[in-house]
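Undergrad: Before I ask anything, here is the structure I am working with.
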Amino acid sequence: MDDKAAASFVGWHARLTGQDEFPPDRAGRAALRRAGDLEEVWRNPVAIAALAPLLRAWAVSSTDGPAVDRTILAGLAAAAVSERRQGSLGAALAACLDKPGAARDEAQRQGRLVTLTATEEPALFARLLRNLIAGPGEGRAPVVATAEAVLGWHTPEGRLYQRRRILLDFYAADVVPI
């Protein structure tokens, strides 16, 4: 994602969550957080209205279905993020999975990470990522890195790059006692 796209995404997220002196779009964010998949987004006018500024900012044509879907999935994942943060997604996921209740033991913790990074389906990846961020992560994840991961998951090369990035950052942040 280039700097202009990242800035417009951060601006959209700030309006959605009520940062930078914007009133929060509580109804829009709630609709996005409740939507389980693309089909549910398309059935909910409030969710579409919440995503419309992002689609306009990125100049996504309504005739380019895959680009619209990628943008919506990125918006769905970012709606789980509660605050603007910097940093890596892998480090944020390591922190999420260290929270009480996120995993019973190391095997379950590793299992959640493997399930997330092993999926080939972009919509499933976005859903699993949202669940990790919104649940044990309490919405604490870098909004731009979250969007980049979802946007990159749509091609084999992008998945490989994002997997590598998430896993290396996860294990770099994961302090294991020796």
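Last residue of the sequence shown: 186 (the numbering used here), numbering continuous.
By construction, the Cβ of each residue, glycine as well, lies at the ideal position given by its N, Cα and C atoms.
From a predicted model like this one, the values you see are computed outputs, not experimental measurements.
1. Between which two residues does the alpha helix (DSSP H) carrying N139 extend?
2. Could you compute how far the alpha carbon of T71 sits from the alpha carbon of A180?
3. Beta-carbon within less than 7 Å of G83's beta-carbon, same chain only, minus the 5 sequence neighbours each way: which residues are those?
4. Alpha carbon to alpha carbon, what distance is there between I56 and D77?
5. Going by beta-carbon coordinates alone, are L97 and A157 separated by less than 9 Å?
6. Any idea if A115 is buried or exposed, counting beta-carbon neighbours within 10 angstroms, 16 or more meaning buried?
7. Between the alpha carbons of A65 and S16, how many angstroms are there, rounded?
8. The alpha helix (DSSP H) spanning Q116 covers which residue range?
9. Could you check the C-alpha separation between G166 and L124 for me, to the nearest Å?
10. By the three-class DSSP mapping on this structure, what secondary structure does S16 have?
11. Can you give me the C-alpha to C-alpha distance between R93 and Q170, rounded to a whole angstrom?
12. Does the separation of the CB atoms of K107 and E47 fall below 9 Å?
13. Tell me whether the beta-carbon of L159 lies closer than 9 Å to the beta-carbon of L81.
TA: In this structure, then:
1. What you label residue 139 is simply residue 131 of the sequence shown in a count that begins at 1. In the DSSP assignment, N139 falls within the unbroken alpha helix (DSSP H) covering 130-142.
2. Along the sequence shown, read from residue 1 onward, the residue named residue 71 stands at position 63. Along the sequence shown, read from residue 1 onward, the residue named residue 180 stands at position 172. Each residue's alpha carbon lies about 41 Å from the other.
3. Reading the sequence shown from its first residue, position 75 is the one you call residue 83. Correct list, in chain order: L40, L59, L62.
4. Residue numbering aside, residue 77 sits at position 69 when the sequence shown is read from its first letter. Residue numbering aside, residue 56 sits at position 48 when the sequence shown is read from its first letter. Roughly 12 Å separates the two Cα atoms.
5. By one-based count along the sequence shown, residue 97 stands at place 89. By one-based count along the sequence shown, residue 157 stands at place 149. With respect to A157, L97 sits close: the two C-beta atoms are nearer than 9 Å.
6. The residue given as residue 115 occupies position 107 in the sequence shown. By the neighbour-count rule (16 or more Cβ atoms within 10 Å), A115 is not buried but exposed.
7. Residue mapping note: residue 65 aligns to position 57 of the sequence shown, counting from 1. Residue mapping note: residue 16 aligns to position 8 of the sequence shown, counting from 1. Answer to the nearest angstrom: the Cα atoms are 6 Å apart.
8. Taking the first residue of the sequence shown as 1, we reach residue 116 at position 108. Element bounds for Q116: 114-126.
9. If you number the sequence shown from 1, residue 166 lands on position 158. If you number the sequence shown from 1, residue 124 lands on position 116. Approximately 15 Å between the Cα atoms of the pair.
10. Reading the sequence shown from its first residue, position 8 is the one you call residue 16. Reduced to three states, the DSSP call for S16 is helix.
11. Position 85 of the sequence shown, counted from the start, is the residue given in the question as residue 93. Position 162 of the sequence shown, counted from the start, is the residue given in the question as residue 170. R93 and Q170 have their alpha carbons spaced roughly 18 Å apart.
12. Sequence index remark: in the sequence shown, residue 107 carries index 99 (1-based). Sequence index remark: in the sequence shown, residue 47 carries index 39 (1-based). Contact: no.
13. Along the sequence shown, read from residue 1 onward, the residue named residue 159 stands at position 151. Along the sequence shown, read from residue 1 onward, the residue named residue 81 stands at position 73. In this structure, L159 places its C-beta atom within 9 Å of the C-beta atom of L81.
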